[in-house]
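Student: The sequence shown runs 1 to 69 under full-length UniProt numbering.
Every residue gets a Cβ at the ideal spot worked out from N, C-alpha and C, and that includes glycine.
Just so it is clear, the structure is predicted and the values come from calculations on it, not from any experiment.
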Amino acid sequence: SPAVTSLGVSSIGVIISTIIGIVSGFFGGKVDIVMQRFVDAFMCIPALFLILTIMSVLGPGTIQVIIVL
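Pasting the structure below:
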């Protein structure tokens, strides 16, 4: 069902974000700076442009849309 898919995708996003935060906070110093710059570089790309780019690489389809969103 769509609700289960949405919950799964959201959970994966939370898990990835939590891991990034834990690693950055635990090690600190240079690791923290590198991870901050990586996240800053990712966040500066407009979301719509990123979605369109990924969709053009993956091709059309329902599964691809789920992966991108």
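Mind checking which residues open and close the alpha helix (DSSP H) that includes Ile54?
Tutor: Where Ile54 is concerned, the enclosing alpha helix (DSSP H) stretches over 47 to 58.
Student: DSSP three-state call for Gly28: helix, strand or coil?
Tutor: Gly28: coil per DSSP, three-state reduction.
Student: If Val68 sits next to Ile54, beta carbons under 8 Å apart, how far is it from one beta carbon to the other, in whole angstroms?
Tutor: 5 Å
Student: What residues in its chain sit with their C-beta under 7 Å from that of Val57, if we drop five residues either side in the sequence?
Tutor: Correct list: empty, nothing qualifies.
Student: Can you list, in chain order, the residues of its chain whose CB lies under 7 Å from that of Gly29, leaving out five sequence neighbours each side?
Tutor: none
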